[in-house]
Every structure is written in structure tokens, then in C-alpha cells.
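Chemist:
Residue numbers (this note's numbering): 9 to 240.
1. Restricting to Cα atoms, I'd like to know which of 64, 144, 142, 190 is closest to residue 129.
2. Sort out for me which residues DSSP pairs residue 95 with in a bridge.
3. By Cβ distance below 6 Å, which residues in the same chain neighbour residue 59 in space, the five residues on each side in sequence not counted?
4. For residue 73, name the three-state secondary structure that DSSP assigns.
5. Report the residue from 202, 174, 160, 211 whose alpha carbon sits nearest the alpha carbon of residue 185.
6. For a test of the three-state rule: what should DSSP assign to residue 47, helix, strand or coil?
7. CB-CB under 7 Å to residue 32, same chain, minus the five flanking residues each way: which ones, in chain order?
8. Let me know the secondary structure DSSP gives residue 66 once reduced to three states.
9. Could you tell me the alpha carbon to alpha carbon distance between residue 37 and residue 148, rounded to whole angstroms?
10. Return the CA-CA distance between residue 41 and residue 118, expressed in angstroms with no decimal places.
11. Going by alpha carbons, who is nearest to residue 188 out of 203, 79, 44?
12. In the DSSP assignment, what residue or residues form a beta bridge with residue 53?
13. Give me the Cα-Cα distance between residue 124 and residue 151, rounded to the nearest whole angstrom.
14. Quick one, are the C-beta atoms of residue 109 and residue 39 less than 8 Å apart?
15. Could you have a look at residue 178 and say whether DSSP puts it in helix, strand or coil?
16. Would residue 70 and residue 44 qualify as a contact pair, given that the criterion is a beta-carbon distance under 8 Å?
Put into C-alpha cells, the structure is as follows:
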């Protein structure tokens with residue numbers, strides 16, 4: 009009987025441990041050129057960026073960090089007290105980050121979940137939009153330099169078209185990927201100043217799983233608050 013009791017206790021301990029770790033995210037990082045340094049695994053809590061894990065590395069380029077992820081959300085791997093940080097979508101999975109010390113936040117390559125793959129795709133398109141805006145700003149600067157009001161007005165029209173195209177792309181991206189938590193995240197970070205109709209389009213497209221997630225709930229509240237304010 010005593011042996012059976014010990015076996016039962018052992019089984020309970022294993023189950024408890026399994027439950028405790030079922031939402032664990034493992035961040036495996038490798039930073040070329042790293043000899044010594046401190047890294048922080050961070051996420052946003054309310055309006056603050058807080059550290060959920062940290063590690064001091066000495067004599068190796070590879071290290072491992074963890075956190076318990078209840079709902080997929082954005083995380084940051086920060087190098088020491090610097091402003092160099094790599095952002096990624098974290099969830100109960102293994103995330104692999106490979107970078108180099110001198111260009112830590114620029115050269116990082118991230119492999120993880122589908123949410124992360126979609127975020128990478130979205131970020132690449134964002135760069136294209138940002139480059140287009142820089143070209144328009146340069147065009148406006150040149151027009152102001154020569155004092156051409158017609159050219160300035162033309163650039164203003166182009167900027168409005170650029171903004172509309174950007175908002176429509178983001179809305180389409182979120183709706184197309186409404187089964188993933190990256191959808192409400194994009195809406196909350198990039199569409200906050202867009203027409204409420206675009207936000208509500210994303211809001212209504214979310215799957216039940218995504219609607220129940222951290223960013224899904226935030227988007228629902230954000231849209232409801234705007235509708236309440238506008239009396240819709």
C-alpha cells in the first residue's frame with residue numbers, strides 16, 4: 009500500500025509539473041560576437057515594459073530564456089540597458105532568435121509560430137510603405153524649396169492616397185489572417201487613427217479563439233468605446 013501511495017504521489021507531481029509548464033515559451037537565442045553581456049526578456053504590462061526573465065552571459069554566444077504565455081503577445085529581447093531590442097510574437101512554443109552583437113536589433117532572424125511568420129511578412133510590407141512616405145516627404149521638401157504651391161498640393165494629394173492605401177492594406181491583412189492573434193495586434197497598433205468602419209471590420213472578422221485572446225479583447229473594448237463615444 010505504501011508503494012502504491014508513493015506511486016500515486018509521484019504521478020500527481022508529474023501531472024502538476026506538466027500543467028505548470030504547458031504554456032511555457034522557450035526563447036533560444038544565439039548572438040554572434042557575444043562574449044559577455046546581460047539580456048532581458050520583456051513584455052508590456054499595462055503601459056509599462058517589464059522584465060519577465062534575464063540572463064547574464066559569459067563566454068558563450070547561446071542562451072535560453074523562458075516565460076509562461078497565457079495568450080500570444082509581443083515580447084522583446086533587450087540587450088543590457090541599451091535601446092537595442094528585438095521584438096517578436098511570443099506564445100507557448102519555441103522561438104529561435106539569431107543575430108550578431110554589433111547589429112543586434114537590425115540583423116535578427118526570428119523563427120517561431122505562424123503569428124511570428126505573419127508579423128515578419130507584415131513588417132516587410134510596412135518597410136515598403138515607409139520608404140514610399142520618405143520619397144513623398146523628399147518630394148514635398150523639394151517643392152517647398154522652389155516655392156511651388158502646385159507641387160506642394162500635388163504631394164498632399166499623394167500623401168492622402170498613400171495613407172488610404174496603407175490603411176486598406178492593413179485592414180485586408182488583418183481580415184485575411186483573422187484566425188491569428190496578429191490580426192487584432194495590427195489593428196491596435198496601426199489602425200487606431202483609421203475610420204471606425206475599418207476597425208470594426210477587423211473586429212467582426214475575428215474568430216472566437218482570437219476574440220478571446222489578449223489583443224482580441226482589447227480590440228473589442230477599443231471599438232466599443234469609440235462607438236459609445238460617437239453614439240453609434
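Ideal Cβ positions, reconstructed from N, Cα and C, are used throughout, including at glycine. Quantities reported herein were computed from a predicted structural model and do not represent experimental measurements.
Modeler: The relevant details are as follows:
1. Of the listed residues, the one whose Cα sits closest to residue 129 is 190.
2. 84
3. 48, 50
4. strand
5. Ranking 202, 174, 160, 211 by CA distance to the CA of residue 185 puts 211 first.
6. strand
7. Counting only Cβ-Cβ distances below 7 Å, and skipping sequence neighbours, we find 74, 76, 100.
8. Secondary structure at residue 66: strand, using DSSP grouped into helix, strand and coil.
9. C-alpha separation (whole angstroms): 43 Å.
10. 18 Å
11. 79
12. 56
13. 40 Å
14. yes
15. helix
16. no
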